[in-house]
Amino acid sequence: MRILIRGGRVIDPGQGLDDLREVLIEDGRVKDLTVPGQEGGFAAGSLVIKAQGLIVTPGLIDMHVHLREPGEEYKETISSGAAAAAAGGFTAVAAMPNTNPINDNRSVTEFILSQAREAGSARVWPIAAMTKGSLGQELCEYGDLAEAGAVAVSDDGRPVSNAQMMRRVLEYTKVFDLRAISHAEELALSAGGAMNEGVTSTGLGLTGIPAAAEETAIFREVCLAGLTGAPVHIAHVSTAGSVDIIRQAKAGGIPVTAETAPHYFSLTEEAVRGYRTEAKMNPPLRTRRDLMAVRAGLADGTIDAIASDHAPHSVLEKEIEFDQAAFGVVGLETSLPLALNLFREGILSLAQIVTVLSLNPAKILGVPGGSLGRGQDADVTIIDLDRQWKVEASRFKSKGRNTPFEGLAMTGQAVLTMVQGLVIHNLLP
Amino acid sequence: MELRHKDLLGIEYLSPEEITLILDTAENFKEVSEREIKKVPTLRGKTIILFFYEPSTRTRTSFEVAAKRLSADTFNLSASTSSMVKGETLIDTARNLEAMNPDAIIIRHSSSGAPHLLAGRLKSSVINAGDGAHAHPSQALLDMLTMREVKGRLEGLKVAIIGDIAHSRVARSNMIGLSKMGARVRVAGPPSMMPPGLEQYGAKVFIRPEPALEDADVIMMLRLQLERQTGRTFPGIREYAKVFGLNRERVSLAGPEVIIMHPGPMNRGVEIAPEVADGPENVILDQVTNGVAVRMALLYLFIGGGQRE
Numbered sequence: 144m145r146i147l148i149r150g151g152r153v154i155d156p157g158q159g160l161d162d163l164r165e166v167l168i169e170d171g172r173v174k175d176l177t178v179p180g181q182e183g184g185f186a187a188g189s190l191v192i193k194a195q196g197l198i199v200t201p202g203l204i205d206m207h208v209h210l211r212e213p214g215e216e217y218k219e220t221i222s223s224g225a226a227a228a229a230a231g232g233f234t235a236v237a238a239m240p241n242t243n244p245i246n247d248n249r250s251v252t253e254f255i256l257s258q259a260r261e262a263g264s265a266r267v268w269p270i271a272a273m274t275k276g277s278l279g280q281e282l283c284e285y286g287d288l289a290e291a292g293a294v295a296v297s298d299d300g301r302p303v304s305n306a307q308m309m310r311r312v313l314e315y316t317k318v319f320d321l322r323a324i325s326h327a328e329e330l331a332l333s334a335g336g337a338m339n340e341g342v343t344s345t346g347l348g349l350t351g352i353p354a355a356a357e358e359t360a361i362f363r364e365v366c367l368a369g370l371t372g373a374p375v376h377i378a379h380v381s382t383a384g385s386v387d388i389i390r391q392a393k394a395g396g397i398p399v400t401a402e403t404a405p406h407y408f409s410l411t412e413e414a415v416r417g418y419r420t421e422a423k424m425n426p427p428l429r430t431r432r433d434l435m436a437v438r439a440g441l442a443d444g445t446i447d448a449i450a451s452d453h454a455p456h457s458v459l460e461k462e463i464e465f466d467q468a469a470f471g472v473v474g475l476e477t478s479l480p481l482a483l484n485l486f487r488e489g490i491l492s493l494a495q496i497v498t499v500l501s502l503n504p505a506k507i508l509g510v511p512g513g514s515l516g517r518g519q520d521a522d523v524t525i526i527d528l529d530r531q532w533k534v535e536a537s538r539f540k541s542k543g544r545n546t547p548f549e550g551l552a553m554t555g556q557a558v559l560t561m562v563q564g565l566v567i568h569n570l571l572p
Numbered sequence: 341m342e343l344r345h346k347d348l349l350g351i352e353y354l355s356p357e358e359i360t361l362i363l364d365t366a367e368n369f370k371e372v373s374e375r376e377i378k379k380v381p382t383l384r385g386k387t388i389i390l391f392f393y394e395p396s397t398r399t400r401t402s403f404e405v406a407a408k409r410l411s412a413d414t415f416n417l418s419a420s421t422s423s424m425v426k427g428e429t430l431i432d433t434a435r436n437l438e439a440m441n442p443d444a445i446i447i448r449h450s451s452s453g454a455p456h457l458l459a460g461r462l463k464s465s466v467i468n469a470g471d472g473a474h475a476h477p478s479q480a481l482l483d484m485l486t487m488r489e490v491k492g493r494l495e496g497l498k499v500a501i502i503g504d505i506a507h508s509r510v511a512r513s514n515m516i517g518l519s520k521m522g523a524r525v526r527v528a529g530p531p532s533m534m535p536p537g538l539e540q541y542g543a544k545v546f547i548r549p550e551p552a553l554e555d556a557d558v559i560m561m562l563r564l565q566l567e568r569q570t571g572r573t574f575p576g577i578r579e580y581a582k583v584f585g586l587n588r589e590r591v592s593l594a595g596p597e598v599i600i601m602h603p604g605p606m607n608r609g610v611e612i613a614p615e616v617a618d619g620p621e622n623v624i625l626d627q628v629t630n631g632v633a634v635r636m637a638l639l640y641l642f643i644g645g646g647q648r649e
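First to last, the sequence lines map onto chains A and B. Position in the first sequence (first residue = 1) + 143 = the working numbering. Position in the second sequence (first residue = 1) + 340 = the working numbering.
Written as structure tokens, this is what we have:
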């Protein structure tokens, strides 16, 4: 099976490439990238995808999603989540372990991979729990989990409170070269909180989550990464202080990487007004100053990745009192266009966007992809920068409808997503 | 002049003119409560559901008395008698209530924003009788009525609100309402009880009570939530009473004609010394009387005659 992606602008920062190229694909792998007109006779007998005027990139990777299966299939399944990923331009997602049962053992990891294979859409990389039951008490069997296919460890949503335990987690990840992903939150400071602590929470009479709840926890992780020499990845950075801490840590040679989510550079705590539970997530939406700092952190490379923290919930968890509603928003199908806004606003170049949405996530997780080098799996995303559309949650592939962006006019969308040469999403005529 | 709202969710949604209309209307209704037959037919045939998901005696009784003096039919539903204890959601319970065609649902709920959740989904008027730490608009209105009655005005009044501002919907609604009416609001309390950004809601913020009390026209003491806060936001009753409690000495810092208010129920000997609670400056029972008048005005304006089409 041969495929030729013809006439597109290929942006592949891993190879320092941003130019018109023909992408030659054979048997699910990239055979070559050639200057237009030099693809020889490859077109003959090939499926030709016309990409004139479009951007062709290595497949996008969302390194932080919640697929809810096993246990909460009414919110999302691996199949619906993978379809949402494909529709959003993602060829791979990394699934957090807070399912029921928790992914803290080989059988759950294997189940996730088997469901993903059956779905036959975007790849799913399982992230295993850091500690058994994500209780912060005992290490999981990282060796067994890695062998089964887990690519990282995290107690996302239930962070390890005990610093000594976290030290042991970091030390033990070194044995298997697994990245520890920290949901940095000092629970004693955030307890009972429903939104960012500040002027808006005061007016709404809601208990606040101070920026310091995130920042003190990131400080701890940075110190422990320094102590152990083990790399740590900070999930969903949301505050200006967090960006500063990570920037300084990197300058000091500490092995730390970080991601942020599109809502943190697109919305502020004002979106909560009216007690809108679809704008409730953890960490919470912050202030304009934080939003600007997160953008600056992406621009200067302090923040390595954009990940959606896709967290589908049903009306059962969302159409209720604000303080009782679940944290989390869906993001897979809005992530790329929100990132493209940063390009249009002159904050990130397209190469930087591909870096934070593909190259860096692949590097941090140590998974294939992130570049279209010869011989690589043909995981490809084709993007139409100018495509106009409107967010309508009812049309999402995800089962989750909990988006704070409902009704928003968007510019730019993935028009084709391909995994190993297989088209899993296609809006092209 | 008429109100152009379906619901009363918080004082922040009312204009100064609307607040004045409510206070003027309440003043007119006060006379009804002084008659031998304390009832007028204004709301005859109207149905009001008192939906109290959080315990309340004072506010619920006050609304009920107000409704009955206007000849409305009232029905009580509390958390313990509703299906909510059986796991029904707030929205489902409210939809069931609405199916009985009430004209107004008066709601008290421990979650900030619960009345908003209902207002957007129900045709009936939703009147907020206190939601979490967010708002207690009828309390602020009755407090303003009491101040205006005694002082003859709200504009320029120096009002000191002292205590646990963070957990107080009464403080928030008063702060916002009074600022709209041109009063000068000062708040004081330990920083552990002070939410951020109060200046943006019109208040001048102090830590110690003394500077807030200086030359004040009105002192409003807030109830300390002893059961939830002791040892966490303050060390204990003894020290709180000593540093923040309203005693004779502190009252003497205020203006000569100062009045003392408390939304109740009081912790005597904690936020307010017994001799102050019983002192001549105290207008706490006037607040209760005015509560009925203000709630009559609200019901009249929201579901009675001269309101929106």
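Ideal placement from N, C-alpha and C gives every residue a C-beta, glycine not left out.
Per the DSSP calculation, residue i is bridged to which residue(s)?
i: Asp175(A); result: Leu167(A)
i: Thr414(B); result: Ile388(B)
i: Ile559(B); result: Ala500(B) and Ile600(B)
i: His507(B); result: Paired residue(s): none; His507(B) is not in a bridge.
i: Met561(A); result: Val523(A) and Val566(A)
i: Ile154(A); result: Asp161(A)
i: Gln573(A); result: Outside the displayed range of chain A (144 to 572) lies residue 573(A), so it cannot be described from this structure.
i: Phe577(A); result: In the structure as shown, chain A starts at 144 and stops at 572, and residue 577(A) therefore has no counterpart that could be examined.
i: Pro269(A); result: Ala238(A)
For the candidate residues the options, whose alpha-carbon lies nearest to that of residue i?
i: Ala439(A); options: Leu321(A), Gly489(A) and Ala327(A); result: Gly489(A)
i: Lys540(A); options: Glu421(A), Leu491(A), Val473(A) and Val562(A); result: Val473(A)
i: Leu559(A); options: Val342(A), Glu549(A), Ala552(A) and Leu571(A); result: Leu571(A)
i: Gln627(B); options: Ile501(B), Phe642(B), Val466(B) and Pro603(B); result: Pro603(B)
i: Pro353(A); options: Tyr315(A), Glu169(A) and Glu340(A); result: Glu340(A)
i: Thr200(A); options: Thr546(A), Leu500(A) and Pro547(A); result: Leu500(A)
i: His568(A); options: Ala227(A), Leu176(A), Val191(A) and Ala194(A); result: Ala227(A)
i: Pro620(B); options: His474(B), Leu562(B), Ser592(B) and Ala444(B); result: Ser592(B)
i: Leu347(A); options: Lys393(A), Pro302(A), Leu288(A) and Val415(A); result: Val415(A)
i: Gly644(B); options: Lys582(B), Glu438(B) and Ser465(B); result: Ser465(B)
Shorter than 8 Å, the distance from the beta carbon of residue i to the closest heavy atom of the ligand NAP, or not?
i: Ala469(A); result: The ligand NAP is not part of this structure, which contains no ligands at all.
Can you tell me whether residue i is buried or exposed? The criterion is at least 16 other CB atoms within 10 Å of its CB, across all chains shown.
i: Asp347(B); result: buried
i: Tyr217(A); result: exposed
i: Asn436(B); result: exposed
i: Ala637(B); result: buried
i: Asn441(B); result: exposed
i: Ala521(A); result: buried
i: Asp162(A); result: exposed
i: Thr397(B); result: exposed
i: Lys378(B); result: exposed
i: Gln391(A); result: exposed
i: Val294(A); result: buried
i: Glu649(B); result: Per-residue confidence for Glu649(B) stands at a pLDDT of 34, beneath the threshold of 50, marking its modelled position as unreliable; no derived number is given.
i: Leu354(B); result: buried
i: Gly427(B); result: exposed
i: Asn514(B); result: buried
i: Glu342(B); result: exposed
i: Lys463(B); result: exposed
i: Glu476(A); result: buried
If I follow the unbroken beta strand (DSSP E) through residue i, where does it start and stop?
i: His376(A); result: Val375 to Ile377
i: His207(A); result: Leu203 to Val208
i: Lys193(A); result: Leu190 to Lys193
i: Thr403(A); result: Val399 to Thr403
Could you spell out where the alpha helix (DSSP H) holding residue i opens and where it closes?
i: Asp287(A); result: Tyr285 to Ala291
i: Gly224(A); result: Ile221 to Ala230
i: Gly346(A); result: Val342 to Leu347
Notebook entry, point to check: Got a sec: which bits of the segment 540-556 of chain B sit with their beta carbon under 9 Å from any beta carbon on chain A, in order along the chain?
Noted result: Gln540 and Tyr541
Checklist line | Contact list for the segment 404-436 of chain A against chain B, Cβ threshold 8 Å | finding: Gly417 and Tyr418
Notebook entry, point to check: Taking Cβ-Cβ distances below 9 Å as the criterion, which residues of the segment 313-336 of chain A are in contact with chain B?
Noted result: none
Checklist line | Members of the segment 453-473 of chain A that neighbour chain B once the beta carbon cut-off is set at 7 Å | finding: Glu462, Ile463, Glu464, Phe465, Asp466 and Gln467
Next item on the list: Give the residues from the segment 426-438 of chain B that approach chain A closer than 7 Å (Cβ to any Cβ), ordered along the chain.
Entry: Thr429, Leu430 and Ile431
Item checked: Against chain A: residues of the segment 441-465 of chain B by CB proximity under 8 Å -> His449, Ser451, Ser452, Gly453, Ala454, His456 and Leu457
Next item on the list: Give the residues from the segment 472-494 of chain B that approach chain A closer than 8 Å (Cβ to any Cβ), ordered along the chain.
Entry: Gly472, Ala473, His474 and Ala475
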